Amino acid sequence: MDLRVTDLACARGGVPVLEGVSFALSGGHALFLRGPNGIGKTTLLRTLAGLQPALAGEISVPPDSMAYAAHADGLKATLSVAENLRFWARVFGTRGIGHALERFNLVDLADRQAQNLSAGQKRRLGLARLLVTGRPIWVLDEPTVSLDVDSVHLFGQAVREHLEEGGSALIATHIDLGFLAEELELTPFKAAPRDLEDFDEAFA
Amino acid sequence: MIAILIRDMALAIRAGGGFGLGLAFFLIVTVLVPFGVGPESGVLREIAPGILWVGALLACLLSLDRIFALDYEDGSLDLLATAPVPLEGVVVMKAVAHWVTTGLPLVLAAPVLGVLLNLESGGFTWLVVSLLLGTPALSMIGAFGAALTVGLKRGGLLLSLLVLPLYVPTLIFGALAVTRGAQGMATATPLLMLAGITFACLALLPFAAAAAIRVNLR
């Protein structure tokens, strides 16, 4: 269950943002992506998740092994916490949402509609989705936004448990999550500004 | 994939889900037309098939932009695209959910509203049959249009402009089947054409729509 990235270049809105990114991530390990706003952390993660094509380079990853969590949690406001989670469990073909609810302290909120949750509670629900996907490689884009200190701790624990079970995590974050892991600073990979020759504006 | 169908139907029925929007619009059109056209039953009888089909078509159009726009806004479309379900399957399920919550109620309500428009008694069966055959195509074409415009702010106008020309064949053959049925003529040809359009849409458009979503998510 290795994620291997070699010489990857990716673009946002037709403008190359990163080039020459190489790293490897094996089971049981986590990797933090660091870098200032706008350096291309989200773009890199979206490229890895397969949502946009890479400009150059190679991504080698076992099929159906990545769980992607973006800035938006993908929650439906009129569904309850349990219904939201159960939907994703069914889509990913896994069973049981009890563990995920417990892990992120959502048991008491299970029957509440997602529109009545606070921002932090919504985020916790969005992160609980990772557990029901049952996938080994977590690709997380600033997972701790709007979480309080206790919830960050809760999340750190969930990631550590996931690593102990042989999973891995690639996390773009600005803060300290309470455990040590390798870090990858993205600033040196910043692409030189240039125009793409075959940039097709209508399909950017 | 069934989970997507169930979720979309649950969302449509809950508060703010838009269920009943198309039905209410259909009702309003068919109730207002007799007032506008006047009480001569002959005129109404003649235009009833056309009005019923145009009403159903516009009612379908109303809720199209919700098919993918809401999922795009809250991020679930990204997550669905990375989930172990083919995007083509997601498109089909969303089109089916749209049909069940919009098209099917129109089919069921049409005979009742046909009475208001003084539809010939022979036409009722064909009205239901033609709508049953034709409305799935409306939902599928609509899902394709919604996939093309997903990610555009206020894409509703563009969506209508894209989709309306594609709706024309369905409208022509659907209304023709009802007109011919009401006059006691054979309806096999328009109904076969209608079924052909629907099946062609169901067979081809999921792939086109999924490709459009992939491009729009980039």
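The listed protein sequences correspond, in order, to chains Z and F.
First residue of the first sequence? That's 1050 in this note's numbering, and the numbers climb one at a time after it.
First residue of the second sequence? That's 2 in this note's numbering, and the numbers climb one at a time after it.
Every residue, glycine too, gets a C-beta built ideally from N, C-alpha and C.
The structure displayed is predicted, hence computed values, not measured ones.
(Q) Taking the alpha-carbon of F/Ile-3 as reference, which of Z/Arg-1135, Z/Asp-1056, Z/Thr-1091, Z/Ile-1186 has the nearest alpha-carbon? (A) For the residues Z/Arg-1135, Z/Asp-1056, Z/Thr-1091, Z/Ile-1186, the minimum Cα distance to F/Ile-3 belongs to Z/Arg-1135.
Q) Which runs of the beta strand (DSSP E) fall wholly inside the segment 1190-1222 of chain Z and span at least 3 residues, in chain order? A) 1217-1221, all fully within the segment 1190-1222 of chain Z.
Q. So with Cβ pairs under 8 Å, would you call F/Pro-85 a contact of chain C?
A. Among the protein chains in the structure shown, which are Z and F, there is no chain C.
Q.
Just to confirm my understanding: we take Z/Leu-1235, look at its own chain, exclude 5 residues before and 5 after, and list those with CB closer than 8 Å. What are they?
A. Cβ contact annotation for Z/Leu-1235 (same chain, cutoff 8 Å, sequence separation greater than five): Leu-1067, Val-1070, Leu-1082, Arg-1083, Gly-1084, Ile-1088, Gly-1089, Lys-1090, Leu-1093, in chain order.
Q: Go ahead and pull the three-state DSSP assignment for Z/Arg-1184.
A: The DSSP-derived three-state label of Z/Arg-1184 is coil.
(Q) Counting only Cβ-Cβ distances shorter than 7 Å, please list the residues of the segment 54-77 of chain F near chain Z, keeping chain order. (A) Listed in sequence order: Asp-75, Gly-76, Ser-77.
Q. In whole angstroms, what separates the C-alpha of Z/Ala-1253 from that of Z/Asp-1113?
A. In this prediction, Z/Ala-1253 has a pLDDT of 48, which is less than 50 and means its spatial position is unreliable; what the coordinates show is noted afterwards. Whole-angstrom Cα-Cα distance: 26 Å.
Q) Does the ligand ATP have even one heavy atom less than 7 Å from the beta-carbon of F/Gly-19? A) This structure simply doesn't include the ligand ATP, nor any ligand for that matter.
Q: Look up F/Arg-46 in the DSSP assignment and say whether it is helix, strand or coil.
A: Three-state result, F/Arg-46: helix.
**Q.** Chain-ordered neighbours of Z/Arg-1144 on chain F, where CB pairs are closer than 9 Å
**A.** Z/Arg-1144 does not reach chain F, its nearest Cβ partner there being about 13 Å away, counting only Cβ pairs nearer than 9 Å.
Q) Near F/Phe-174, what residues of its chain come up, given a Cβ to Cβ distance below 6 Å and the 5 sequence neighbours on each side ignored? A) Take F/Phe-174, set aside five residues on each side of it, and the residues of its chain with a beta-carbon closer than 6 Å to its own are Pro-191, Met-194, Leu-195, in chain order.
Q. According to DSSP, is F/Val-101 helix, strand or coil?
A. It is helical.
Q.
I want to verify the contact list: residues of chain F whose CB lies under 8 Å from the CB of Z/Ala-1119, in sequence order.
A. Residues of chain F passing the Cβ test: Gly-76, Asp-79, Leu-80.
Q) Listed in chain order, which residues of the segment 1086-1102 of chain Z have Cβ atoms closer than 9 Å to some Cβ of chain F? A) The residues in question are Arg-1095, Ala-1098, Gly-1099, Leu-1100, Gln-1101, Pro-1102.
Q. Does the beta-carbon distance from F/Asp-182 to F/Gly-124 come in below 8 Å?
A. First, the amino acid is wrong: residue 182 of chain F is Gly here, not Asp. Annotated as proximal: F/Gly-182 and F/Gly-124, with beta-carbon spacing under 8 Å.
**Q.** Short-range partners of chain Z found in the segment 5-28 of chain F, where Cβ spacing is below 9 Å
**A.** The residues in question are Ile-5, Ile-7, Arg-8, Ala-11, Leu-12, Arg-15, Ala-16, Gly-17, Gly-18.
Q: Say whether chain F places a C-beta atom closer than 8 Å to the C-beta of Z/Arg-1161.
A: Output row for Z/Arg-1161: interface = no.
Q. Residues of chain F with CB under 9 Å from Z/Gly-1123, in chain order?
A. Within chain F, the residues whose beta carbon sits less than 9 Å from that of Z/Gly-1123 are Asp-72, Asp-75, Gly-76, Ser-77, Leu-78, Asp-79, Leu-80, Leu-81, listed in sequence order.
Q | N-terminal and C-terminal residue of the beta strand (DSSP E) that Z/Ala-1121 is part of | A | Premise fails: Z/Ala-1121 is in no beta strand (DSSP E) and is neither H nor E.
Q) If you check the beta carbons only, do F/Leu-203 and F/Leu-139 fall under 8 Å apart? A) The Cβ-Cβ distance between F/Leu-203 and F/Leu-139 does not fall below 8 Å.
Q: Measuring only between beta-carbons, confirm whether Z/Thr-1127 sits less than 8 Å from chain F.
A: Chain F has a Cβ within less than 8 Å of the Cβ of Z/Thr-1127.
Q: Answer yes if the segment 134-153 of chain F comes into contact with the segment 86-97 of chain F, meaning at least three C-beta pairs across the two stretches below 8 Å, and no otherwise.
A: Yes, the segment 86-97 of chain F is in contact with the segment 134-153 of chain F.
Q. Touching or not, the segment 63-81 of chain F and the segment 11-27 of chain F, by the rule of three or more beta carbon pairs under 8 Å?
A. With a cut-off of 8 Å, the segment 11-27 of chain F and the segment 63-81 of chain F count as touching, because enough Cβ pairs lie within range.
Q) Three or more C-beta pairs closer than 8 Å, one from the segment 64-80 of chain F and one from the segment 1106-1126 of chain Z: is that the case here? A) Contact holds: three or more Cβ-Cβ distances are below 8 Å.
Q) What are the boundary residues of the beta strand (DSSP E) that includes Z/Leu-1052? A) Looking at the DSSP string, the run of the beta strand (DSSP E) that includes Z/Leu-1052 is 1052-1061.
Q | Which of helix, strand or coil DSSP assigns to F/Val-216 | A | Here F/Val-216 sits in helix by DSSP.
Q.
Suppose you measure from the CA of Z/Ile-1186 to the CA of Z/Arg-1053; what does that come to, to the nearest Å?
A. If you draw a straight line from the Cα of Z/Ile-1186 to the Cα of Z/Arg-1053, it is about 12 Å long.
Q. Can you tell which of F/Arg-46, F/Thr-199, F/Tyr-168, F/Arg-8 has the C-alpha that lies nearest to the C-alpha of F/Ser-1?
A. This structure leaves residue 1 of chain F out entirely; chain F is present only between 2 and 219.
Q) How would you label Z/Ala-1060, buried or exposed, when you count the other beta carbons within 10 angstroms and need 16 or more for buried? A) Of the residues assessed, Z/Ala-1060 falls on the buried side of the cut-off, its CB having 16 or more other CB atoms within 10 angstroms.
Q: Taking all protein chains shown into account, decide if Z/Ser-1217 is buried (16 or more other Cβ within 10 angstroms of its Cβ) or exposed.
A: It is buried - the Cβ of Z/Ser-1217 has at least 16 other Cβ atoms within 10 Å.
(Q) In the DSSP assignment, the alpha helix (DSSP H) including F/Ala-161 goes from what residue to what residue? (A) The amino acid occupying residue 161 of chain F in the given sequence is Ser; Ala does not appear at that position. Looking at the DSSP string, the run of the alpha helix (DSSP H) that includes F/Ser-161 is 157-183.
Q: Closer than 7 Å by C-beta to Z/Lys-1125: which residues in its own chain qualify, once you throw out the five before and the five after it? Chain order, please.
A: Leaving aside the five residues that flank Z/Lys-1125 on each side, the residues in its chain whose CB is nearer than 7 Å to its CB run, in chain order, Asn-1133, Ala-1163.
Q: Identify which residue in F/Thr-180, F/Val-55, F/Thr-188, F/Ile-7 has its Cα closest to the Cα of F/Val-30.
A: Of F/Thr-180, F/Val-55, F/Thr-188, F/Ile-7, the smallest CA-CA separation from F/Val-30 is found for F/Val-55.
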